[in-house]
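Chemist:
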Amino acid sequence: MPKLPSWLANTMEKVISNKIYQVEVAETKMLSSNLKCVTFKGDFFDAKFIPGNEVLLRVNANEYRHYTLSGFDEAHETCEVIFYLNRQGPGHHLAVNIQKGDRLKLIVDRAKVKYNEASNQHFFFGDETSLGLYESLGKKVMEEDVEYFGVLELQEENLNSVEHLKLLIDTVPSDVNAPAKNAITWMDNMHPLCWEMWQNATFYLTGRAKSVQQFKRYLKQRGVGFRQIITMPYWEIGKVGGG
């Protein structure tokens with residue numbers, strides 16, 4: 005979201021007041037040295053969260069940042085966000101300093117990446133910024149009793165973070181100079197029968213724009229249909245993103 009004059013941001017919040025929830029930080033948990041899971045508690049009885057739901061947080065007087073919910077519990081009126089502490093971007097200061105007991109405003113937005121209800125198989129590709137989305141979609145898959153798998157390209161210090169989330173997904177080291185290369189190598193090493201079994205899956209590609217582009221090109225070369233691929237680039241080096 006572009007920068008807004010503070011007076012316009014204040015006015016906007018009044019206009020969309022029905023989408024704004026006062027929340028309290030109920031818990032924080034570090035998944036790695038730079039991945040932080042935060043649980044928010046609020047009166048979410050009418051929020052109608054769905055897997056992939058995004059929320060906005062005002063990170064300073066002029067800017068908001070989008071984050072995908074990694075989970076929500078309507079019965080206990082809580083939701084979770086996984087913050088990637090990338091040490092850059094307007095959202096880093098807010099995320100790194102969030103503590104239990106803090107109170108802030110959370111704006112409920114739509115789900116830009118939606119779960120494909122018609123699919124029996126779901127394949128996830130992304131990076132640290134994708135964890136919240138895939139944690140959410142993974143829970144939905146388990147509820148539906150269908151299949152999911154995938155691969156994430158992560159920095160070395162984050163490779164074990166998926167174990168804390170119980171995501172059934174593999175990880176490979178990311179290479180800033182070769183986006184998606186290690187993930188594509190991982191795909192090439194899959195047994196041919198895996199491709200036969202997963203040829204009709206829905207493929208969700210999120211995270212770094214160049215990685216999404218390269219992985220999509222690879223899937224199309226392997227015969228995956230255009231309608232099977234859902235893409236949502238979140239960031240790229242040199243551009244202001246969601247951090």
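Quick note on numbering: the sequence shown equals residues 5 to 247 in our numbering.
Heads up, the beta-carbon is just placed ideally off N, CA and C, and yes, glycines get one too.
1) In whole angstroms, what is the alpha-carbon distance linking D47 and F87?
2) Three-state secondary structure (DSSP) at E132?
3) Taking C-beta to C-beta, are E139 and L169 nearer than 8 Å?
4) Helix, strand or coil for S37, going by three-state DSSP, please let me know.
5) What does a CB cutoff of less than 8 Å around G105 pick up in its chain, not counting 5 residues either side in sequence?
6) Contact check, E81 vs F49 under 8 Å by CB: the rounded distance?
7) Go through the region 92-121 residue by residue and report every complete run of the beta strand (DSSP E) that reaches 3 residues or more, in order.
8) Am I right that E151 and Q125 are in contact with their C-beta atoms under 8 Å? What's the rounded C-beta distance?
9) Decide yes or no for the touch test of the region 200-210 against the region 226-235: beta carbon pairs closer than 8 Å, at least 3 of them.
10) For my contact list, R62 and K109 are in at a C-beta cut-off of 8 Å; report their separation, rounded to the angstrom.
11) N57 bridges to which residues according to DSSP?
12) Secondary structure at A30, three-state DSSP: helix, strand or coil?
13) What residue from A184, K214, Q225, S215 has the CA that sits closest to Q203's CA?
Modeler: Let me lay it out:
1) For the purposes of this step, residue 47 is identified with residue 43 of the sequence shown, where counting begins at 1. For the purposes of this step, residue 87 is identified with residue 83 of the sequence shown, where counting begins at 1. D47 and F87: Cα-Cα distance of roughly 22 Å.
2) As a working mapping, residue 132 is identified with position 128 in the sequence shown. Three-state result, E132: helix.
3) Looking up residue 139 in the sequence shown gives position 135. Looking up residue 169 in the sequence shown gives position 165. Cβ distance < 8 Å, so E139 and L169 count as in contact.
4) As a first step, residue 37 must be located in the sequence shown, where it is residue number 33. S37: coil per DSSP, three-state reduction.
5) Position 101 of the sequence shown, counting from 1, holds the residue named residue 105. Answer for G105: E28, V29, listed in chain order.
6) Counted from its first residue, the sequence shown places residue 81 at position 77. Counted from its first residue, the sequence shown places residue 49 at position 45. Indeed they touch by this definition, with Cβ atoms about 7 Å apart.
7) 107-115
8) Looking up residue 151 in the sequence shown gives position 147. Looking up residue 125 in the sequence shown gives position 121. Yes, they are in contact, since the Cβ atoms of E151 and Q125 sit about 5 Å apart, within 8 Å.
9) yes
10) Position 58 of the sequence shown, counted from the first residue, corresponds to residue 62. Position 105 of the sequence shown, counted from the first residue, corresponds to residue 109. Sure, about 6 Å apart at Cβ, within 8 Å.
11) Numbered from its first residue, the sequence shown carries residue 57 at position 53. For N57, which the question treats as bridged, DSSP gives the partners A115.
12) Here residue 30 refers to the residue found at position 26 when the sequence shown is read from its first residue. Looking at A30 - three-state DSSP - the assignment turns out to be strand.
13) Within the sequence shown, numbered from 1, the residue matching residue 203 stands at position 199. Of the listed residues, the one whose Cα sits closest to Q203 is Q225.
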